[in-house]
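Just so you know, the sequences run in chain order A and B. Using our numbering, read the first sequence as starting at -8 and increasing by one per residue. Using our numbering, read the second sequence as starting at -8 and increasing by one per residue.
There are 2 protein chains.
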Amino acid sequence: MDLDLLRGLAQPSTTKIVLCSLDGLGGLPRPETGKSELETARIPHLHALAARSACGLLRHVGPGITPGSGPGHLGLFGYDPLRHPVGRGVLEALGIDFPLTPGDVAARGNFCTVDGEGRITDRRAGRISTDLCVKLCERLRQIHGEGAELLIEPVKEHRFVLVLRGQGLSGHLSETDPQALGTPPLPVRALDAAAERTAVIVNQFIARARELLRDDAPANMILLRGFDTQPALPLFPEIYSFRAAAIAAYPMYRGLARLVGMEVLKTGTTFADEIETLRKQWTAHDFFFVHYKDTDKAGEDGDFDAKVAALERFDAELPGILALEPDVLAVSGDHSTPSILAAHGWQPVPALVASRYCGADQVSRFTERDCASGALGVLPAQELMPILMANALRFIKYGA
Amino acid sequence: MDLDLLRGLAQPSTTKIVLCSLDGLGGLPRPETGKSELETARIPHLHALAARSACGLLRHVGPGITPGSGPGHLGLFGYDPLRHPVGRGVLEALGIDFPLTPGDVAARGNFCTVDGEGRITDRRAGRISTDLCVKLCERLRQIHGEGAELLIEPVKEHRFVLVLRGQGLSGHLSETDPQALGTPPLPVRALDAAAERTAVIVNQFIARARELLRDDAPANMILLRGFDTQPALPLFPEIYSFRAAAIAAYPMYRGLARLVGMEVLKTGTTFADEIETLRKQWTAHDFFFVHYKDTDKAGEDGDFDAKVAALERFDAELPGILALEPDVLAVSGDHSTPSILAAHGWQPVPALVASRYCGADQVSRFTERDCASGALGVLPAQELMPILMANALRFIKYGA
Chain A
-8 MDLDLLRGLA
2 QPSTTKIVLC
12 SLDGLGGLPR
22 PETGKSELET
32 ARIPHLHALA
42 ARSACGLLRH
52 VGPGITPGSG
62 PGHLGLFGYD
72 PLRHPVGRGV
82 LEALGIDFPL
92 TPGDVAARGN
102 FCTVDGEGRI
112 TDRRAGRIST
122 DLCVKLCERL
132 RQIHGEGAEL
142 LIEPVKEHRF
152 VLVLRGQGLS
162 GHLSETDPQA
172 LGTPPLPVRA
182 LDAAAERTAV
192 IVNQFIARAR
202 ELLRDDAPAN
212 MILLRGFDTQ
222 PALPLFPEIY
232 SFRAAAIAAY
242 PMYRGLARLV
252 GMEVLKTGTT
262 FADEIETLRK
272 QWTAHDFFFV
282 HYKDTDKAGE
292 DGDFDAKVAA
302 LERFDAELPG
312 ILALEPDVLA
322 VSGDHSTPSI
332 LAAHGWQPVP
342 ALVASRYCGA
352 DQVSRFTERD
362 CASGALGVLP
372 AQELMPILMA
382 NALRFIKYGA
Chain B
-8 MDLDLLRGLA
2 QPSTTKIVLC
12 SLDGLGGLPR
22 PETGKSELET
32 ARIPHLHALA
42 ARSACGLLRH
52 VGPGITPGSG
62 PGHLGLFGYD
72 PLRHPVGRGV
82 LEALGIDFPL
92 TPGDVAARGN
102 FCTVDGEGRI
112 TDRRAGRIST
122 DLCVKLCERL
132 RQIHGEGAEL
142 LIEPVKEHRF
152 VLVLRGQGLS
162 GHLSETDPQA
172 LGTPPLPVRA
182 LDAAAERTAV
192 IVNQFIARAR
202 ELLRDDAPAN
212 MILLRGFDTQ
222 PALPLFPEIY
232 SFRAAAIAAY
242 PMYRGLARLV
252 GMEVLKTGTT
262 FADEIETLRK
272 QWTAHDFFFV
282 HYKDTDKAGE
292 DGDFDAKVAA
302 LERFDAELPG
312 ILALEPDVLA
322 VSGDHSTPSI
332 LAAHGWQPVP
342 ALVASRYCGA
352 DQVSRFTERD
362 CASGALGVLP
372 AQELMPILMA
382 NALRFIKYGA
């Protein structure tokens, strides 16, 4: 969909929309039973909701393509993930709640070990403690870039984030990690002319870091990967003319919501905390993105039973959302994470849209198999937002 | 899908993919019984396979558009048939296993009869014997083009293929067949400036052919139609990073596979021969395109019972493919050929994808009606290949 078209149709209203993203929602049948996680779980509230919803399957990037968390959520938010790539450096920064601003260039950093000749002997510096990482990052903050602010934040163990902030920077840079031992780190190269100046700043930073870390073996050098620029996305609340809030216990999903301009609400560490936040902030916003992480974690662990349990925990909290009587409630996810795959999958993700105007279909159970024959069909994820807007009576007619 | 995107996601693996194309697979209910060919046939192996597959319907070109064999197969191979047209001359050359190379210009030729004034009296030269066609083609091979090699191959009866090979040739040429009796053949005209030189070469060829055939009535002249250039397609094995083989008893399908860069395996004249070839070559390739012709032939003949029998013969051979335990097995076709239409049809074609990770749907019978509610939905044929790649775990994740 053309976002400018949607922008032209959006109008203010008093209706409320809740979009629940169950991370890694979709699954696959376990061979022993022939039933998927959703088909195995006791999820009476989800099934009852599906029975009065329009159901379907969402595909986030393209047929057969497994979405990362970035593209998966951008799709849910109504953006074409192929037109708005989000790179690894930006995602790493979002993952630690780093407040990126448009134009920032972010990279993933590793502390590593080099020998007397400068050749890499350990790409992860023996996985130093996070405490040490914090201290070393503090030391690197002494370095000042010429023509760009350098921001350094520890992540975990040997990992940190480097952000360059300033005018006219570019993330079109090669990586310094040769992905091999016994060779020295590579200098950064500009991948196009517009990135030349940024390459110089980064190489100066690396040279200074080498000096500052000289005596800190095993963490006596750094590697930088996944440079990219914070994408300038059309802003979600402006496209849809509403006040949009994100509730997510995990930083990366807060970051993705911030990237599109949602207001990120302070919440606790559990999903019950998220529901409580939703309840308290109910009057202050029109649209709520509510993120549930446990389904993905269990799926990535290949733990079928844990994913079933995670679905059941979500189901138990669902009445707390229903009690708020949103005008439109959507439940779906950012990608599949089938337990038998123990990884993100390409399989389209069940979706339901409940509203007074959603229409009826044959689906009365919220499973992959049932949703395949729902009224929404198999639809690109970015088509969900316009459907939610319509169900909230927040779109005017197109044409006379 | 953008093929460069897919190329970037493809990674090597040891998994095996088999794509069976049942030519003209889809059908329509016979009015007497209300059942289609697939619904009438006893095809227990296909039904059992459908029950453990993701099913759907493939649409090869667009809604209501009946695909020829070229576009139908290009769609199956993952190409958008509208972006990669294959013309009649090229298809005629592929149909006789002619080894076209990129840049070749091919045309369909007819021997015809002209009177003393050079006016056409029979556009097909009384359908001369194939033997005579072979002899006359040998004679035409005496002609040498200025700046292009001229290759002439008999097809059948009055039909032959002309191929021009050389630098800077163009197939943007008008036809010489006036499609009417009583007028002389038309000279070839260049349809754009880049084709001027090719037009001169072709007109010189025609003039020489007229002289050489002067005394051979009824085959005393030629007509040329359907000029076009062999399209330069992105190569299938390079896009998907695998070794791809084609097994087809009929030359046109070998030709189409060769056009996209598949290795064409030597096989016999029956489908049993094809299965035997598949078995013998199993370890040497990663992807196998296996073509089954009988369904289309029966459909084109308008012979409902023969098409039912052809489906049953395929079903009887299916265990031979299953015994090889491909990681991914897809069964579909290049277009429908409903017996009651006695021609190619626009109706979308049943498709199934069986793999460990294909997911479940409600479909337990491989018919047009059942596949309509499958998990794959109604999908453009070119989306099948990415789905097969994903199921073979040959695609990496898109984005972080």
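Ideal placement from N, C-alpha and C gives every residue a C-beta, glycine not left out. The structure displayed is predicted, hence computed values, not measured ones.
CA-to-CA distance, Gly350 of chain B to Cys362 of chain B, given in whole angstroms = Straight-line Cα distance between these residues: approximately 14 Å.
query = Measuring CB to CB, does Lys7 of chain A end up less than 7 Å from Asp318 of chain A?
reply = Cβ distance < 7 Å, so Lys7 of chain A and Asp318 of chain A count as in contact.
key: Pairwise C-alpha distance: Ala208 of chain A and Gly173 of chain A   = If I take the Cα positions, the gap works out to 16 Å.
query = Looking only at its own chain, which residues have a Cβ that is under 8 Å from the Cβ of Glu144 of chain A, when we skip the five neighbours before and after it?
reply = Correct list, in chain order: Ala84, Ile87, Phe89, Cys128, Phe151, Val152 and Val154.
query = So, Arg270 of chain A versus Val255 of chain A, is the Cβ gap smaller than 7 Å?
reply = Contact flag unset, no.
message = Rounding to the nearest angstrom, what Cα-Cα distance links Gln353 of chain B and Arg360 of chain A in this structure?
response = In a straight line, the C-alpha of Gln353 of chain B is about 6 Å away from that of Arg360 of chain A.
query = Is Asp219 of chain B helix, strand or coil by DSSP?
reply = If DSSP states are grouped into helix, strand and coil, Asp219 of chain B belongs with the strands.
key: Beta-carbon proximity check, Gly80 of chain A vs Gly259 of chain A, cutoff 7 Å   = No. Outside cutoff.
query = What residues in the stretch 228 to 252 of chain A have a beta carbon less than 8 Å from any beta carbon of chain B?
reply = Taking 8 Å as the Cβ-Cβ cut-off against chain B, none of the residues of the stretch 228 to 252 of chain A qualify.
key: Cβ pair count under 8 Å reaching 3, the stretch 362 to 379 of chain A against the stretch 63 to 74 of chain A   = Taking 8 Å as the limit for Cβ pairs, the verdict is that the stretch 63 to 74 of chain A does touch the stretch 362 to 379 of chain A.
message = Going by DSSP, what residue range makes up the alpha helix (DSSP H) through Glu144 of chain B?
response = From DSSP, Glu144 of chain B is part of no alpha helix (DSSP H) but of the beta strand (DSSP E) over Glu140 to Lys147.
key: Contact set for Arg156 of chain B: own chain, Cβ-Cβ below 6 Å, skip 5 residues either direction   = Within the same chain, and ignoring the five residues on either side of Arg156 of chain B in sequence, the residues whose Cβ sits closer than 6 Å to its Cβ are Asp95 and Glu140.
query = Which word fits Tyr348 of chain B, buried or exposed, when buried means at least 16 other C-beta atoms lie within 10 angstroms of its C-beta?
reply = Looking at its Cβ environment, which holds 16 or more other Cβ atoms inside 10 Å, Tyr348 of chain B is buried.
inquiry  = Just to confirm the assignment, what range does the alpha helix (DSSP H) spanning Cys362 of chain A have?
reply    = Its alpha helix (DSSP H) spans residues Glu359 to Cys362.
query = Is the Cβ-Cβ distance between Ala475 of chain A and Ala381 of chain A less than 7 Å?
reply = Here chain A comprises residues numbered -8 to 391, so residue 475 of chain A is not present and cannot be evaluated.
query = How should Ala314 of chain A be labelled, buried or exposed, when 16 other C-beta atoms within 10 angstroms of its C-beta is the threshold for buried?
reply = So Ala314 of chain A counts as exposed.
request  = Check whether the Cβ of His335 of chain A lies closer than 7 Å to any Cβ atom in chain B.
outcome  = His335 of chain A has a beta carbon lying within less than 7 Å of a beta carbon in chain B.
request  = Please go through the same chain and pick out, in chain order, the residues whose beta-carbon is closer than 7 Å to the beta-carbon of Gly368 of chain B, but skip the five residues on each side of it.
outcome  = For Gly368 of chain B, where only same-chain residues beyond five positions count, the Cβ hits under 7 Å are Gly47.
ask   = Which chain A residues are close to Gly350 of chain B, counting only those with a beta carbon under 7 Å from its beta carbon?
value = Contacts between Gly350 of chain B and chain A, judged by CB atoms closer than 7 Å, involve Leu19, Gln338 and Glu359 in chain order.
ask   = Do you know how far the Cα of Leu16 of chain B is from the Cα of Glu291 of chain B?
value = Rounded to the nearest angstrom, the two C-alpha atoms are 11 Å apart.
task = Could you tell me which of B:Ala391, B:Ala200 and B:His326 sits nearest to Gly63 of chain B, measuring between CA atoms?
result = For the options B:Ala391, B:Ala200 and B:His326, the alpha carbon positioned closest to that of Gly63 of chain B is the one of B:His326.
query = Three or more beta-carbon pairs under 8 Å between the stretch 47 to 58 of chain A and the stretch 184 to 202 of chain A, yes or no?
reply = Result no; under three Cβ-Cβ pairs closer than 8 Å.
request  = Measure the C-alpha to C-alpha separation of His335 of chain A and Val125 of chain B and round it to an integer number of angstroms.
outcome  = Rounded to the nearest angstrom, the two C-alpha atoms are 59 Å apart.
message = When you compare the CB of Ala41 of chain B with every CB in chain A, is at least one pair closer than 7 Å?
response = Not closer than 7 Å to any Cβ of chain A, the Cβ of Ala41 of chain B fails to qualify, so no.
inquiry  = Under DSSP, the beta strand (DSSP E) around Leu155 of chain B begins and ends at which residues?
reply    = Unbroken beta strand (DSSP E) run through Leu155 of chain B: Arg150 to Arg156.
ask   = In this structure, does DSSP put Cys103 of chain B in helix, strand or coil?
value = Residue state, collapsed to three classes: strand.
key: Beta carbon proximity, Leu82 of chain A to chain B, threshold 7 Å   = Taking Cβ atoms only, chain B reaches closer than 7 Å to Leu82 of chain A, which makes this a yes.
ask   = From the DSSP output, which residues share a beta bridge with Pro58 of chain A?
value = According to DSSP, which records beta bridges pairwise, Pro58 of chain A is partnered with B:Tyr389.
query = Name the residues in the stretch 0 to 29 of chain A whose C-beta lies less than 9 Å from a C-beta of chain B; which are they?
reply = So the list reads Gly17, Gly18, Leu19, Pro20, Pro22, Gly25, Lys26 and Ser27, given in the order they occur along the chain.
ask   = First and last residue of the beta strand (DSSP E) that includes Ala263 of chain A?
value = Careful: Ala263 of chain A lies outside any beta strand (DSSP E), inside the alpha helix (DSSP H) at Phe262 to Lys271.
request  = For Tyr70 of chain B, go through chain A and note every residue whose CB falls closer than 8 Å to its CB, in chain order.
outcome  = Under the 8 Å cutoff, chain A gives no residues; its nearest Cβ is about 14 Å from Tyr70 of chain B.
ask   = The alpha helix (DSSP H) with Ser38 of chain A in it runs from where to where?
value = Just to set this straight, residue 38 of chain A is His in the shown sequence, not Ser. Pro35 to Ala42 is the extent of the alpha helix (DSSP H) around His38 of chain A.
inquiry  = Using a Cβ-Cβ distance cut-off of 7 Å, determine whether Gly390 of chain B contacts chain A.
reply    = Interface residue (Cβ-Cβ distance to chain A less than 7 Å): Gly390 of chain B is classified as such.
message = Out of A:Leu370, A:Leu247 and A:Gly311, which one is the CA nearest neighbour of Pro76 of chain A?
response = With distances taken between Cα atoms, Pro76 of chain A lies closest to A:Leu247.
query = Should Ala223 of chain A be labelled buried (16 or more other beta-carbon atoms within 10 Å of its own) or exposed?
reply = Exposed, because fewer than 16 other Cβ atoms sit within 10 Å of the Cβ of Ala223 of chain A.
inquiry  = Below 8 Å on the Cβ atoms is my contact criterion, and I expect Asp306 of chain B with Pro3 of chain B to pass it. Report the Cβ-Cβ distance as a whole number of Å.
reply    = Contact between Asp306 of chain B and Pro3 of chain B is absent: CB atoms are separated by about 33 Å, not below the 8 Å threshold.
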